[in-house]
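Q:
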Amino acid sequence: MRALILFLSLFLFINNAFGFELILPKEKKSATTSEYAFFVGKSKGFESLTIDGQSVFTASNGAFAHSVKLRDGENRIVLRTNYGAQIYKIYKSASVYNECPIEEMEPVKAYVNCDNTPLRSTPIDGGLNRIAHLFGGTHLVINGSKGDFLRVKLGKNKIAWIAKKDVTITSDSFYPADFINMDTERFKNAMIQTIAFSKKLPYTVEDAEKEIIFRVYNPELSEDSVYNLNIPKPEKYAYNVFLEEGKYTFKVRKLPEDNDVTVVIDAGHGGSEKGAIGCLGDEEKDINLKIAQQTAQLLKDRGYNVIMTREFDANVSLQDRVNIARENNADVFVSIHLNSIGDIPMNIHKNRGTAVFYFNNNAKKLAEILENSVTGQAGTRNDGVQTGSFAVIRPTDYVGVLVETAYMTNPLDSLLYTNDKFIKKAAKGIANGIIQYVKK
Ligand SMILES: [Zn+2]
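My numbering numbers the first residue of the sequence shown as 275 and each following residue consecutively.
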């Protein structure tokens, strides 16, 4: 998953004379801004390997992985086997980090450029700070800036942030929106609330403990103005916001029971997007697909409606994966991946196992069930239920999670994911978890 590995091409540096084949780093001289350098590869018959004087664990299939903390400037790292030594030179540039101050601005009017623009609680591009996705043409009041972000006034004491590139600032004068009407419709498995104004306004969505709270702000009005729509939430739910004939339409629905559920199984990466590369040179995309195919089959055998985002080795964009789920009215979306280490110290016993990620609260329960089910079935280390901002699990229209079945870059895990029995068990763990969640 992590960028470091994503950008790897499958260029293998083979040096049999030293008894190893290195996947990372791919060149003997390189430059980086990372805190750590990773050495990932497999033994071609050495008896012992040390990197920077530290003895490196090697799994029975020859897989090894090791990280070295880098100093600013040139780092000379020695890899030594019983055949001799090799030197890797890695230049680390000093990190330049200046926090931009907040600049106050006279309030100006701006419009959101496109649909699906993230409105954030902090001026940072990433993490869990999205509080809504605004529609193109939304009227905003901007009263400050920081770095690449503009501060959006929602109410007197309520602000948010939006990327500068996502809005157009104008000299238009302020005029508040007129409230037109509000309506509530109740269906057997859903509740829809609509609210209409004379123009598009900013809003936020909060998934609170017992209800979903949709707030629409009218920031050009001189007094503080917010319209709250609260919809109680069922135990298993999905929700979305759309504009229909100029009305904000806010829908919360109950997930269907058991066999009426539509499950999307998403095999991560594919085609030229190889994903993480393991110690042995295996590509994540292939293992994801194998697990996904077997998971889908197990669910089909149980009578579920199953959609796969890819059924063979092909490039599918993240947006297309989301679109496939939406077009098929997905209820549950499970993305299947294998993990890799990022810019952190490598710990053979820690950077391994199964982690399940969720972004929205409605997917937390499914993430917990899958974590237990996969580790129980496949015998992987419990790497925990975690939150993560991945594009395929951000939509709230379905319950979406991302399973990192094991670590591509962990030598012990490489013994597992290269074994067909493990693939089968992982698929069974994922399928059983989904069934358990849906039936509960
Ligand atoms: Zn991945």
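Ideal placement from N, C-alpha and C gives every residue a C-beta, glycine not left out.
#1: In the structure shown, what three-state DSSP assignment does residue 495 receive?
#2: Where does residue 321 sit, in a helix, a strand or coil, going by DSSP?
#3: Express the C-alpha separation of residue 690 and residue 350 in angstroms, rounding to a whole number.
#4: Would you check if the distance between the CB atom of residue 646 and the CB atom of residue 681 is smaller than 8 Å?
#5: Nearest to residue 642 by alpha carbon, out of 631, 512, 568?
#6: Roughly how many angstroms separate the alpha carbons of residue 384 and residue 423, rounded to a whole number?
#7: Starting from residue 607 and walking both ways along the beta strand (DSSP E), at which residues does that stretch end?
#8: Using 8 Å as the cut-off, can you tell me whether the region 545-559 makes contact with the region 488-505, which would need three or more C-beta pairs spanning the two stretches below that distance?
#9: How many Å lie between residue 697 and residue 516 at the Cα?
#10: Tell me whether residue 303 sits in a helix, a strand or coil according to DSSP, three-state version.
#11: Does the beta carbon of residue 348 fall short of 7 Å from some heavy atom of ligand 3?
#12: How long is the line joining the alpha carbons of residue 707 and residue 655, rounded to whole angstroms?
#13: Tell me residue 456's beta-bridge partners as DSSP assigns them.
#14: Go ahead and label residue 461 buried or exposed: buried means 16 or more other beta carbons lie within 10 angstroms of its beta carbon, across all protein chains shown.
#15: CA-CA distance, residue 610 and residue 437?
#16: What is the rounded straight-line gap between the Cα of residue 377 and the Cα of residue 409?
#17: Report the partner residues of residue 581 according to the DSSP bridge assignment.
#18: Is it buried or exposed for residue 634, if we count other Cβ within 10 angstroms and need 16 for buried?
#19: Quick check on residue 714: buried or exposed, where buried means 16 or more other Cβ atoms within 10 Å of its Cβ?
#20: How many angstroms separate the CA atom of residue 602 from the CA atom of residue 489?
#21: Based on Cα-Cα distance, which residue from 555, 575, 543, 627 lies nearest to residue 590?
#22: Apply the 10 Å Cβ neighbour rule to residue 354 and answer buried if 16 or more other Cβ atoms are within range, or exposed otherwise.
#23: Please tell me whether residue 415 and residue 683 are closer than 8 Å, where the distance is taken between their beta carbons.
#24: Buried or exposed: which applies to residue 279, given that a residue is buried once 16 or more other Cβ atoms fall within 10 Å of its Cβ?
#25: Taking the continuous alpha helix (DSSP H) assigned at residue 695, which residues delimit it?
#26: From the DSSP output, in three-state form, read off residue 359 for me.
#27: When you compare only the Cα positions, how much space is there between residue 622 and residue 464?
#28: For residue 385, which of helix, strand or coil comes out of DSSP?
#29: Helix, strand or coil, according to DSSP, for residue 594 in the structure here?
#30: Quick check on residue 622: does DSSP put it in helix, strand or coil?
#31: How is residue 647 classed by DSSP in three states: helix, strand or coil?
#32: Roughly how many whole angstroms lie between the Cα atoms of residue 594 and residue 514?
#33: Regarding residue 558 and ligand 1, is the C-beta to nearest heavy atom distance less than 7 Å?
#34: Just how far apart, CA to CA, sit residue 293 and residue 677?
#35: For residue 636, tell me which candidate among 674, 359, 519, 627 has the shortest Cα-Cα distance.
#36: At 3 residues or longer, and completely inside the region 322-352: list those beta strand (DSSP E) runs for me, N to C.
A: Working from what's here:
#1: coil
#2: coil
#3: 33 Å
#4: no
#5: 631
#6: 13 Å
#7: 606-613
#8: no
#9: 40 Å
#10: strand
#11: In the structure shown, ligand 3 is absent; the only ligands present are ligand 1.
#12: 17 Å
#13: 469
#14: exposed
#15: 31 Å
#16: 26 Å
#17: 538
#18: buried
#19: exposed
#20: 29 Å
#21: 543
#22: buried
#23: no
#24: Its pLDDT being 46, under 50, residue 279 is placed unreliably by the model, and nothing is read from it.
#25: 694-713
#26: strand
#27: 47 Å
#28: strand
#29: helix
#30: coil
#31: helix
#32: 18 Å
#33: yes
#34: 35 Å
#35: 674
#36: 323-325, 337-343
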